[in-house]
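Mapping to this note's numbering: the sequence shown position 169 is 390, numbers consecutive.
All residues carry an ideal CB built from backbone N, CA and C; glycine is no exception.
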Amino acid sequence: PISFKLLQTDHKNVAALFDQLERATGKAKLSVFNQIKTELELHTHIEETIFYPALEKPEETHDLTLEAYEEHAVVKKLLSELSRARTADDEWEAQAKVLRENVEHHVEEEENELFEKAESALSEEEIEDLGTRMQEEKARKQRGQATKKSSKKSGAKKSAAKKTSSKSKAAKKGTKKSAAKKSSKSS
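Structure representation (structure tokens):
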């Protein structure tokens with residue numbers, strides 16, 4: 222089903238980013254981590270707002286769904302702690318490894334247990350509807366992220382332009398002051 226494929230694609234993308242994280246060094250490591258954080262935040266949002274609510278009621282999926290919410294809480298806590306770091310020191314590396322292990326465990330349980338139980342608990346139509354809604358929500362959130370990024374960039378450009386403008390105004394004032402000093406000294 223499309224709903225499971227969407228989530229599996231996210232899982233594969235995050236796994237590839239974790240591989241990149243392991244190979245990266247210095248600032249690049251933090252940059253890859255930020256990509257992981259963005260992907261996981263979007264993924265958990267989709268699961269928590271659309272996928273899991275549909276699986277909470279059926280008895281077959283109830284316990285696994287509650288466990289999945291708890292696993293998300295742990296991942297969010299680790300993401301928050303890791304995102305505060307300015308450098309990827311040994312402690313940060315250890316936390317990143319714990320994050321990866323938590324995500325891998327969650328993915329394994331989801332793909333090997335929850336998806337299968339969801340298929341038996343929900344109708345094909347319900348599963349397809351979930352897939353459509355998750356795709357739409359993911360696209361909506363990604364558009365929002367793109368808008369935020371471009372407004373941050375334009376905000377940075379405006380800020381830089383203001384600084385440049387302020388510097389040139391200050392330079393002009395400085396030139397006027399030195400010209401005024403010169404003319405007062407020659408009188």
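When we look at the beta-carbon of residue i and count the other beta-carbons within 10 Å, is it buried (16 or more) or exposed?
| i | result |
| --- | --- |
| Asp231 | buried |
| Thr385 | Caution is warranted here: a pLDDT of 49 is assigned to Thr385, below 50, making its placement in the model unreliable, and the coordinate value is therefore given only provisionally. The residue is exposed, with fewer than 16 neighbouring Cβ atoms inside 10 Å. |
| Lys258 | buried |
| Glu291 | exposed |
| Lys388 | Because the pLDDT at Lys388 is just 49, under 50, the model does not fix this residue reliably, and the value given afterwards should be weighed accordingly. Looking at its Cβ environment, which holds fewer than 16 other Cβ atoms inside 10 Å, Lys388 is exposed. |
| Glu346 | exposed |
| Glu331 | buried |
| Ala220 | This structure leaves residue 220 out entirely; the chain is present only between 222 and 408. |
Rounded to whole angstroms, how far is the Cβ of residue i from the Cβ of residue j, which I believe are closer than 8 Å?
| i | j | result |
| --- | --- | --- |
| Ala289 | Leu320 | Actually they do not touch by this definition, with Cβ atoms about 16 Å apart. |
| His283 | Thr265 | The pair is not a contact, with the Cβ atoms about 19 Å apart (cut-off 8 Å). |
| Leu238 | Ala309 | The pair is not a contact, with the Cβ atoms about 15 Å apart (cut-off 8 Å). |
| Lys338 | Leu285 | 7 Å |
| Ile271 | Arg354 | 5 Å |
Do residue j and residue i come within 8 Å of each other at the CB atom, strictly closer than that value?
| i | j | result |
| --- | --- | --- |
| Asn323 | Leu299 | yes |
| Lys359 | Ile267 | yes |
| Glu349 | Ile223 | yes |
| Gly365 | Leu227 | no |
| Val235 | Leu261 | yes |
| Leu242 | Ala317 | yes |
| Phe225 | Leu303 | no |
Original post:
Three or more beta-carbon pairs under 8 Å between the region 238-246 and the region 271-278, yes or no?
Top reply: no
Original post:
Going along the chain, which unbroken runs of the alpha helix (DSSP H) with 4 or more residues stay wholly within the region 233-282?
Top reply: 247-267 and 273-277
**OP:** Please list the segments of the beta strand (DSSP E) lying wholly inside the region 334-360, counting only runs of 3 or more residues, in order along the chain.
**Re:** none
Original post:
What residue ranges within the region 282-330 form continuous beta strand (DSSP E) runs of no fewer than 3 residues, ordered along the chain?
Top reply: none
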